[in-house]
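K.L.:
First, the structure itself, so that you have it in front of you.
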Amino acid sequence: MTLQNDVVPPSSQPAAPQAQFVTITEEEAGQRIDNYLMRTCKGVPKSHIYRILRSGEVRVNKGRVDQLYRLESGDLVRIPPVRVAEKSTSNAAPGAEFKIVFEDNHLLVIDKPAGVAVHGGSGVSYGVIEQLRAARPDAKFLELVHRLDRETSGLLLLAKKRSALTNLHEQMRVGQTDKRYLTLVSGDWQHKRQHIKLPLHKYTTPEGERRVVVQAGGMESHTIFNLLRKWEKFALLEAELKTGRTHQIRVHLASSGFPIAGDDKYGDFALNKQLQKAGGPLRRMFLHAYQITFTHPDSGKTMSLKAALPAECERFLVSLGKPLA
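Those letters in the sequence shown? Residues 1 to 325, per the numbering used here, in order.
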């Protein structure tokens, strides 16, 4: 991306905000102009972005475009002077790095801890993506490839190039990626391998919280569960995601009578309270994204990455004693 400004006013006059002229690179091509402006003009309200598009203040190759226009390599974009909303330093995301599982010029794969949101919103000021951007101010591009629930730990993919992001999104859309989780459920699990196909409907509570329920007419959803170890009251499962719906593993298990230990949305609340009592053995949801397999967007090689089960989860399994199977 190259920038040039309008003519600079004489030094005797106070400098006024100037329009910017940006030449779109191959890496930036393909995205809609509204999305591009939201990323470029950080802190500017969406309503203002759409207003300057409607008014024709934004120009591409000297012509007006609407919000649906997709940028092409070599396009010259005029961005008018915009006022960025002042943010209090208390709300700014503190820079943070996370345990890196893999990194190159195209990808960053981290092991996200439980209790950390992947992005800001819904009462959360900031998340992993905002913290990584703050820690890497020179990064030209950094976007989430997918998401994990705040309470879930494990492998999280981020793209460092737009071409990598679109490639991985396409792999996920056609089912070429393989994502697996480890989870501990309450109950007498019987089957070595079990398919659960239940339609899921997403809704928002009056408090603005996202929830999911099994409901006819909902989104088709499919999870395969493999039994790894079993105790009298618990079972350790591997979950294979065949679709990627919000809260899919949690709702499929809870609706089948096997809530995840520590799940504060869909779990067994009496059991959770017991596990947390007096600083008890499990103070988080036992769900961990431990393995992901995909094709590297640049080299074409098959990548299979793993993240070990967190120490607090391992300790809880040890506390259960010798498994029955």
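From the three backbone atoms N, C-alpha and C, an ideal C-beta is built for every residue, glycine too.
Can you give me the C-alpha to C-alpha distance between residue 315 and residue 228, rounded to a whole angstrom?
P.N.:
Each residue's Cα considered, the two are about 17 Å apart.
K.L.:
Using 8 Å as the threshold, is the stretch 68 to 82 in touch with the stretch 265 to 281, meaning 3 or more CB pairs across them?
P.N.:
Touching, no, given that fewer than three Cβ pairs across the two stretches are closer than 8 Å.
K.L.:
Exposed or buried, residue 251, counting other C-beta atoms within 10 Å across all chains shown (16 or more means buried)?
P.N.:
It is buried - the Cβ of residue 251 has at least 16 other Cβ atoms within 10 Å.
K.L.:
I want to know whether the stretch 295 to 307 touches the stretch 181 to 190 - three or more CB-CB distances under 8 Å.
P.N.:
The stretch 295 to 307, when compared against the stretch 181 to 190, does not touch it at the 8 Å Cβ threshold.
K.L.:
In the structure shown, what three-state DSSP assignment does residue 61 receive?
P.N.:
Here residue 61 sits in coil by DSSP.
K.L.:
Which of the three DSSP states is assigned to residue 18 in this structure?
P.N.:
Coil.
K.L.:
Could you tell me whether the stretch 59 to 67 touches the stretch 27 to 36, using the rule of 3 or more Cβ pairs below 8 Å?
P.N.:
Cβ pair count under 8 Å is three or more, so yes.
K.L.:
Report the rounded CA-to-CA distance for residue 160 versus residue 108, giving the unit in angstroms.
P.N.:
Going from the Cα of residue 160 to the Cα of residue 108 covers about 7 Å.
K.L.:
Exposed or buried, residue 130, counting other C-beta atoms within 10 Å across all chains shown (16 or more means buried)?
P.N.:
Burial call: buried.
K.L.:
Helix, strand or coil, according to DSSP, for residue 170 in the structure here?
P.N.:
Looking at residue 170 - three-state DSSP - the assignment turns out to be helix.
K.L.:
My assumption, with CB atoms under 8 Å, is that residue 334 sits in contact with residue 114. Please give the rounded CB distance.
P.N.:
Nothing about residue 334 can be read from this structure; the chain reaches only from 1 to 325.
K.L.:
Under a Cβ-count criterion, where at least 16 other Cβ atoms within 10 Å of its own Cβ denotes burial, should residue 261 be classed as buried or exposed?
P.N.:
Residue 261 comes out buried.
K.L.:
Using only the alpha-carbon positions, how far apart do residue 294 and residue 142 sit?
P.N.:
Whole-angstrom Cα-Cα distance: 19 Å.
K.L.:
With which residues is residue 291 paired in a DSSP beta bridge?
P.N.:
The partner list for residue 291 (beta bridge, DSSP) reads 180 and 306.
K.L.:
Taking the straight line between their C-alpha atoms, what separation do you get for residue 214 and residue 221?
P.N.:
Answer to the nearest angstrom: the Cα atoms are 10 Å apart.
K.L.:
Around the C-beta of residue 272, are 16 or more other C-beta atoms found within 10 angstroms, so that it is buried, or is it exposed?
P.N.:
Looking at its Cβ environment, which holds 16 or more other Cβ atoms inside 10 Å, residue 272 is buried.
K.L.:
For residue 288 versus residue 144, is the C-beta spacing smaller than 9 Å?
P.N.:
For residue 288 and residue 144, no; Cβs fall outside 9 Å.
K.L.:
Contact check, residue 78 vs residue 21 under 8 Å by CB: the rounded distance?
P.N.:
Between residue 21 and residue 78 the Cβ distance is about 6 Å, and since that is below 8 Å, they are a contact.
K.L.:
Residues in its own chain within less than 6 Å of residue 292 by CB, not counting five upstream and five downstream?
P.N.:
The residues are 155, 179 and 305.
K.L.:
DSSP on residue 67, reduced to helix/strand/coil?
P.N.:
In the structure shown, residue 67 sits in coil (DSSP, three-state: anything other than H, G, I, E or B).
K.L.:
Kindly indicate which three-state DSSP category residue 124 falls into: helix, strand or coil?
P.N.:
Reduced to three states, the DSSP call for residue 124 is strand.
K.L.:
How big is the Cα-Cα spacing for residue 244 and residue 211?
P.N.:
Looking at the two C-alpha atoms, the distance is approximately 15 Å.
K.L.:
Give me the DSSP bridge partner(s) of residue 226.
P.N.:
Paired residues: 193 and 238.
K.L.:
Compute the beta-carbon to beta-carbon distance between residue 164 and residue 201, rounded to the nearest angstrom, for a pair I have assumed lies under 8 Å.
P.N.:
Residue 164 to residue 201, Cβ: 32 Å. No contact.
K.L.:
Is it buried or exposed for residue 111, if we count other Cβ within 10 angstroms and need 16 for buried?
P.N.:
Its Cβ being crowded by 16 or more others within 10 Å, residue 111 is buried.
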